[in-house]
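There are 2 protein chains.
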Amino acid sequence: MKSFFDKTGKMALGSRLRMLTARFTDDATEIYKLYDLPLSPKWFPVLFILIEDTEKTITEIAEEIGHSQPSVTKIIKEMAAAGLVASNLKSADKRTNVVKLSEKGQQLSEKLKVQLVDVEAAVETLTSEARHNLWEAIAEWEFLLDHKSLLRRVNEEKKLRESKDVRIVEYEAKYQSAFKALNEEWISTYFTMEAADYKALDNPKTYILDRGGKIFVALYKDEPVGVCALIKMDDPDYDFEMAKMAVSPKAQGKNIGWLLGNAIVKATKELGGKKLYLESNTLLKPAISLYHKLGFKKVVSRATPYARANIQMELVLDN
Amino acid sequence: MKSFFDKTGKMALGSRLRMLTARFTDDATEIYKLYDLPLSPKWFPVLFILIEDTEKTITEIAEEIGHSQPSVTKIIKEMAAAGLVASNLKSADKRTNVVKLSEKGQQLSEKLKVQLVDVEAAVETLTSEARHNLWEAIAEWEFLLDHKSLLRRVNEEKKLRESKDVRIVEYEAKYQSAFKALNEEWISTYFTMEAADYKALDNPKTYILDRGGKIFVALYKDEPVGVCALIKMDDPDYDFEMAKMAVSPKAQGKNIGWLLGNAIVKATKELGGKKLYLESNTLLKPAISLYHKLGFKKVVSRATPYARANIQMELVLDN
DNA sequence: TCTAATTACATAACTGGTTATGCAAATATA
DNA sequence: TATATTTGCATAACCAGTTATGTAATTAGA
């Protein structure tokens with residue numbers, strides 16, 4: 000068994016924990032027998048709460064011990080059948096089921112305290128024999144996972160790894176079809192293609208590059224999965240417009256938008272631009288949030304050839 | 000939740016482990032989704048084994064991953080339904096169900112490897128953030144519990160604590176009824192009371208004390224629960240006989256036999272005895288093993304007034 | 001060599017939890 | 001103040017494992 004987990008690595012942490020848990024719960028049953036306590040180990044958390052604070056409702060107990068409410072309902076039912084608790088006590092709120100220990104339950108809990116002392120001592124001995132403190136380790140991991148779940152941590156690792164496979168390159172003629180297709184994909188999903196779209200997407204060289212603009216392509220494992228254009232503007236207020244940003248849905252979650260955006264900002268600076276402009280639609284939540292992350296701020300309306308534009312943003316470059 | 004476990008103490012280690020386990024397995028489901036792997040997390044151990052060694056029987060897999068055989072049977076059934084494994088492959092032994100990954104299963108396992116790397120990295124990061132190493136702690140506790148189970152450890156604590164409530168005192172007239180009752184209890188359970196029994200048990204003063212012997216009584220919480228006599232012998236080979244040892248079944252597991260035996264040995268020395276003798280019956284396994292623990296060795300037969308005696312032992316005192 | 005014991009596995013039933021759901025009581029709101 | 005929403009809890013159904021049990025195939029033994 001040990002060797003199995005050595006082979007699997009940390010991926011099997013859940014499995015390994017489950018097995019260790021099983022050892023404890025199996026032994027718990029025997030330990031209760033040893034002390035001649037007619038208790039089911041699973042009653043322990045509920046019993047413990049009722050020893051501490053005499054009267055409690057089902058939901059209160061569930062919250063305190065971290066179980067679901069139906070779990071506590073079941074446990075209380077079993078304990079009531081064993082004569083350890085009195086439930087459905089009269090209370091102002093008739094929905095609640097107020098529970099407290101019966102006489103028998105109190106007597107039993109006195110005997111339980113003796114057992115608790117021995118178990119505590121046994122675990123303490125175990126802890127002193129071990130170099131690694133399991134109890135403290137659990138507490139610490141609970142804290143760390145509260146702060147950031149394993150899912151989020153894995154997701155971050157995934158993005159990190161995948162972004163290493165993403166390269167941002169300058170536009171070449173061979174990417175023209177990808178440039179058009181990627182844009183057409185999202186535009187026609189949310190809106191409809193307009194005349195201005197066709198002009199730029201069909202003739203990027205004439206309409207973007209030759210006029211002093213740039214286009215960047217994001218390659219994931221050498222396949223184009225994202226594009227973005229930097230278009231020279233003929234406007235006293237702005238030097239360049241960031242436009243035609245598109246990322247394939249298949250390549251989502253790889254930070255590609257962020258990498259393209261950064262490439263655009265860097266290129267603007269290299270070309271001596273001071274202010275970057277963009278148009279978008281508030282329907283595109285992830286895009287808007289990306290623009291904010293890149294430092295863009297909303298600006299007041301301005302004439303636009305696109306029907307779908309309902310928000311305009313700018314980024315003032317400080318160097 | 001944390002505060003709940005702070006209050007309960009180590010007794011709730013099982014509960015706490017179960018909850019931490021739940022966090023991992025819940026997140027595992029989401030992680031598989033993130034990688035677009037149509038796998039159930041519970042398949043992982045089986046899948047892992049099949050990636051390592053192509054062909055395996057159900058029982059082999061169960062042993063390697065530490066699950067029960069029916070658990071593996073169920074998992075294989077599910078994986079077969081999902082088209083990941085081919086089961087019931089032809090084999091010499093027709094009882095066995097030989098299983099291997101299908102083409103689809105192999106493709107999926109390739110994708111799984113990518114995920115494994117990310118999870119490993121995420122857990123590694125977690126470990127580096129933590130002061131206590133959970134993975135190592137689990138491995139160590141598994142080892143320590145293999146060596147001595149929690150049940151045994153708790154039992155030892157219990158005996159230790161209870162033996163503190165046991166006092167060995169010298170016989171007084173008020174213990175005569177206990178002396179008789181405790182002996183009568185076990186003798187009549189396994190054998191029948193003999194004439195020699197009644198003589199000694201009814202008149203301990205005349206037959207034991209007045210002849211230079213001693214009787215010790217073990218009190219548990221001031222109740223007599225064990226007795227043992229040291230009887231002066233009229234024999235060139237032996238000075239004293241240890242006899243009439245009896246411990247109440249209710250007080251078993253408190254080391255009382257051992258404590259009484261030690262009291263007898265100590266008294267023999269104080270009285271200047273060099274050799275201690277006893278008679279017993281091999282039916283009484285725990286008693287014989289106690290005598291061995293006290294240092295008694297078997298000796299060859301010798302005349303005895305007791306029909307039930309079928310083993311004789313002696314202890315030579317060295318000081 | 002024939003029978004008895006063992007082995008491999010499928011199935012059923014149980015365990016200690018969970019989520020989903022519905023109903024009655026209490027509270028909030030128009 | 002009537003209605004909508006929320007709350008507390010019981011019940012049902014599910015989940016990932018377990019133990020118990022029955023059956024067919026194999027192996028051991030008299």
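Residue numbers (numbering that gives the first Met the number 0), protein chains in the order written: chain S, 0 to 318; chain L, 0 to 318.
Yeah, the Cβ is synthetic: ideal placement off N, Cα and C, and Gly gets one too.
Computed from a prediction, not measured in an experiment: that's the story for all the values here.
For residue 177 (chain L), I'd like the list of residues in its chain whose CB is within less than 6 Å of its CB, leaving aside the five on either flank, ordered along the chain. Taking C-beta separations shorter than 6 Å and ignoring five residues to either side along the sequence, the partners of residue 177 (chain L) in its chain run 223, following chain order.
Less than 7 Å between CB atoms is the rule here; does residue 258 (chain L) satisfy it with respect to chain S? Interface flag for residue 258 (chain L) against chain S is unset, since no Cβ pair is found closer than 7 Å.
I need the DSSP call for residue 306 (chain L), collapsed to helix, strand or coil. Here residue 306 (chain L) sits in coil by DSSP.
Using a Cβ cut-off of 8 Å, which residues of the stretch 65 to 94 of chain S contact any Cβ in chain L, in chain order? 65
Report yes or no: is there a C-beta of chain L within less than 7 Å of the C-beta of residue 263 (chain S)? no
Which whole-angstrom value describes the C-beta separation of residue 398 (chain L) and residue 26 (chain S), a residue pair presumed to lie in contact below a C-beta threshold of 8 Å? Look at the range of chain L in this structure, 0 to 318, and you will see that residue 398 (chain L) is not part of it.
In the stretch 80 to 123 of chain L, which residue ranges form an unbroken alpha helix (DSSP H) of at least 4 residues, counting only runs that do not cross its ends? none
For chain S, is any of its Cβ atoms less than 7 Å away from the one on residue 14 (chain L)? yes
Residue closest to residue 298 (chain S), alpha-carbon to alpha-carbon, out of S:236, S:203, S:76: S:236
Assuming residue 16 (chain S) and residue 60 (chain L) make a contact with CB atoms under 8 Å, what is their CB distance in whole Å? At roughly 20 Å, the Cβ-Cβ gap does not stay under 8 Å, so residue 16 (chain S) and residue 60 (chain L) are not in contact.
Determine the extent of the beta strand (DSSP E) in which residue 192 (chain S) is found, giving its start and end residues. It is not in any beta strand (DSSP E) - residue 192 (chain S) carries neither H nor E in the DSSP assignment.
Closest to residue 29 (chain L) by CA distance: which of S:310, S:199, S:152 is it? S:152
Pull up the distance between the alpha-carbon of residue 249 (chain S) and that of residue 144 (chain S), whole angstroms please. 29 Å
Proximal residues of chain S, C-beta to C-beta of residue 118 (chain L) below 7 Å: 9, 10, 153
Buried versus exposed call for residue 247 (chain L) [16 or more other C-beta atoms within 10 Å across all chains shown]: buried
Are the C-beta atoms of residue 162 (chain L) and some chain S residue less than 7 Å apart? Against chain S, the CB of residue 162 (chain L) has no partner CB under 7 Å away; the residue lies outside that interface.
Could one say the Cβ of residue 140 (chain L) lies closer than 7 Å to chain S's Cβ atoms, at least one of them? yes
Which of the three DSSP states is assigned to residue 311 (chain S) in this structure? Residue 311 (chain S) carries a strand assignment under DSSP once its states are collapsed to helix, strand and coil.
Could you give the residue range of the beta strand (DSSP E) that holds residue 274 (chain S)? 274 to 279
I'd like to know if the stretch 253 to 269 of chain L and the stretch 194 to 202 of chain L are in contact, where contact means that at least 3 CB-CB pairs between them fall below 8 Å. No, the stretch 253 to 269 of chain L is not in contact with the stretch 194 to 202 of chain L.
Endpoints, the beta strand (DSSP E) within which residue 230 (chain S) is located: Residues 222 to 231.
Assign residue 295 (chain S) to one of three DSSP states: helix, strand, or coil. The answer is coil: DSSP assigns residue 295 (chain S) none of H, G, I, E or B.
Note the first and the last residue of the continuous alpha helix (DSSP H) segment covering residue 158 (chain L). 149 to 162
What separation, rounded to the nearest whole angstrom, lies between the Cα atoms of residue 196 (chain S) and residue 18 (chain S)? 60 Å
Contact check, residue 228 (chain L) vs residue 207 (chain L), beta carbons under 7 Å: yes
Could you work out which residue in L:12, L:190, L:87, L:215 is closest to residue 126 (chain S) when comparing CA atoms only? L:12
Does the beta-carbon distance from residue 330 (chain L) to residue 156 (chain S) come in below 7 Å? In the structure as shown, chain L begins at 0 and stops at 318. Residue 330 (chain L) is therefore absent and cannot be evaluated.
Below 8 Å on the Cβ atoms is my contact criterion, and I expect residue 3 (chain S) with residue 65 (chain L) to pass it. Report the Cβ-Cβ distance as a whole number of Å. 7 Å
If you run the structure through DSSP and keep just helix, strand and coil, what is residue 218 (chain L)? strand
Verify whether the separation of the beta carbon atoms of residue 115 (chain S) and residue 101 (chain S) is less than 7 Å. With contacts defined as CB atoms closer than 7 Å, residue 115 (chain S) and residue 101 (chain S) fail to qualify as a contacting pair.
Using CA atoms only, rank isn't needed, just tell me which of S:134, S:259, S:91, S:110 is closest to residue 50 (chain S). S:110
For the pair the stretch 271 to 279 of chain S and the stretch 181 to 194 of chain S, tell me if three or more CB-CB distances fall below 8 Å. no
For residue 329 (chain L), count the other beta carbons within 10 Å of its own beta carbon; 16 or more makes it buried, fewer makes it exposed. Which is it? For chain L, the structure presents residues 0 to 318; residue 329 (chain L) sits outside this window and is missing.
Taking a cut of 8 Å between CB atoms, which residues from the stretch 24 to 37 of chain L lie near chain S? With the criterion set as a beta carbon lying under 8 Å from some beta carbon of chain S, the members of the stretch 24 to 37 of chain L are 24, 26, 27, 29, 30, 33, 34, in sequence order.
For residue 8 (chain S) and residue 44 (chain L), the rounded distance between their alpha carbons: C-alpha separation (whole angstroms): 11 Å.
Residue 148 (chain S) versus chain L: which residues are under 7 Å apart at the beta carbon? 26
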